[in-house]
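**Q** If you're matching positions, the sequence shown starts at 1 in the working numbering and goes up one per residue. My questions all concern the structure below.
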Amino acid sequence: MSSTKTFASQADLEEKKVSFTKLSDNAYAYTAEGDPNTGVIVGDDAVLVLDTQATPVMAQDVIRRIREVTDKPIKYVLLTHYHAVRVLGASAYQPQQIIASQDTYDLIVERGEQDKASEIGRFPRLFRNVESVPAGLTWPTLTFTGKMTLWLGKLEVQLLQLGRGHTKGDTVAWLPQQKILFSGDLVEFDATPYAGDAYFKDWPATLDNIAALKPEKLVPGRGAALTTPEQVKAGLAGTRAFIADVRAAVEAGVAAGKDLNAVYKDTYARLAPKYGKWVIFDHCMPFDVTRCYDEVTQYPDPRIWTAERDRQMWAALES
1 MSSTKTFASQ ADLEEKKVSF TKLSDNAYAY TAEGDPNTGV IVGDDAVLVL DTQATPVMAQ
61 DVIRRIREVT DKPIKYVLLT HYHAVRVLGA SAYQPQQIIA SQDTYDLIVE RGEQDKASEI
121 GRFPRLFRNV ESVPAGLTWP TLTFTGKMTL WLGKLEVQLL QLGRGHTKGD TVAWLPQQKI
181 LFSGDLVEFD ATPYAGDAYF KDWPATLDNI AALKPEKLVP GRGAALTTPE QVKAGLAGTR
241 AFIADVRAAV EAGVAAGKDL NAVYKDTYAR LAPKYGKWVI FDHCMPFDVT RCYDEVTQYP
301 DPRIWTAERD RQMWAALES
């Protein structure tokens, strides 16, 4: 770690190669070497897009690839959670409905504006042409609690809340007929989980609930599409291990009476050999350790990140 490390990922300017992977006649994964993924479900009569990209201009590339495989209308957008990088491109699709869990809706009410400013400041490359984002926030038009089923003709799409993890509002999309799961940021693959708004204690059980569905293919929030049961197990195991390792290191530091700065440096050193090559490791670790330290000490629920809090935290931990 260096005192000259650039704030968050402001220095990350390298464009990533996009892949559009066909998982079945109904399911596609838009991935970009560890940048945020978008899922696409093509039903008999409509298309559902899961997570939108960060701006309407960036979403146009998703739309272009959808149009290479179908001319069916994009009727639905699903927000797997509330983070700006996942939701601010929604207007490009002109959907009939924007769907989210009620918990996600509540988080947008509580902290949407602050999160928007915070995320854009952290990682400018992921908000290319940010001026194309409409004023205000992306608001769901349809919410649910627990489970909702969409029928795209004869294709069953289950929208499920399987537990808290990445946020309290996390939603997955499940195609039970084909055993294909879209996990949002509950699962990552060769990419560091961002856990600044997470529930470390709950996340492993939520991953167990995903595993219980026995998905044969899975689209993670970041990283390549997982196209075999073996790859799915590896994605689940990697995410679970990272969350458990962060929590174990933080708990050990707290038990030893160490402050956040010392706990961060110890945790970083402990995890870097195993996870340091994962995408956005340096970006995520200060946020992840801060949130875990909060949860272990005095804040059961995540505190709101603001652009000011981001910079104060970064200066304190990276100094």
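Virtual Cβ for every residue (Gly too), placed ideally from N, Cα, C.
1) Can you confirm whether the segment 216 to 224 touches the segment 179 to 190 when touching is taken to mean that 3 or more C-beta pairs between the two stretches lie within less than 8 Å?
2) What is the rounded straight-line gap between the Cα of I243 and the Cα of D106?
3) How is P300 classed by DSSP in three states: helix, strand or coil?
4) Exposed or buried, T141, counting other C-beta atoms within 10 Å across all chains shown (16 or more means buried)?
5) Look at the Cβ atom of F189, then the Cβ atom of G235, and state whether they are nearer than 8 Å.
6) Please report the straight-line C-alpha distance between V246 and K72, rounded to a whole angstrom.
7) Could you give the distance in angstroms between the alpha-carbon of M285 and the alpha-carbon of R291?
8) For I120, collect the residues of the same chain with a Cβ closer than 8 Å to its Cβ; drop the 5 residues on either side in sequence, then sort them by chain order.
9) Which same chain residues, not among the five before or five after K22, have their C-beta less than 6 Å away from its C-beta?
10) On a CA-only basis, which of T306, L317, R311 and D282 is nearest E110? Give me that one, please.
11) Compare the beta carbon distance of T267 and V250 with 8 Å and say whether it is the shorter of the two.
12) Please report the straight-line C-alpha distance between P176 and D61, rounded to a whole angstrom.
13) Out of T297, T167 and T70, which has the shortest C-alpha to C-alpha gap to K258?
14) Mind checking whether L207 and V133 have CB atoms under 8 Å apart?
15) For the alpha helix (DSSP H) holding Y105, just list the boundary residues, first then last.
16) If we ignore side chains and look at the alpha-carbon of each, how far apart do A198 and G165 end up?
**A** On the basis of the data shown:
1) Output reads yes: the segment 216 to 224 touches the segment 179 to 190.
2) Their Cα atoms are separated by approximately 25 Å.
3) Here P300 sits in coil by DSSP.
4) With fewer than 16 neighbouring CB atoms inside 10 Å of its own CB, T141 falls in the exposed class.
5) A contact, by the Cβ cut-off of 8 Å.
6) Rounded to the nearest angstrom, the two C-alpha atoms are 44 Å apart.
7) Taken atom to atom, the span from the alpha-carbon of M285 to that of R291 is near 10 Å.
8) For I120, where only same-chain residues beyond five positions count, the Cβ hits under 8 Å are A84, F127 and V130.
9) Y28.
10) If we check each option's Cα against that of E110, T306 comes out closest.
11) For T267 and V250, yes; Cβs fall inside 8 Å.
12) Spanning the two alpha carbons is a distance of roughly 28 Å.
13) When each option's Cα is compared against that of K258, the closest is T297.
14) Against a cut-off of 8 Å, the Cβ pair of V133 and L207 comes out as no contact.
15) Q102 to R122 is the span of the alpha helix (DSSP H), which, as asked, contains Y105.
16) The alpha-carbon atoms of A198 and G165 are separated by roughly 5 Å.
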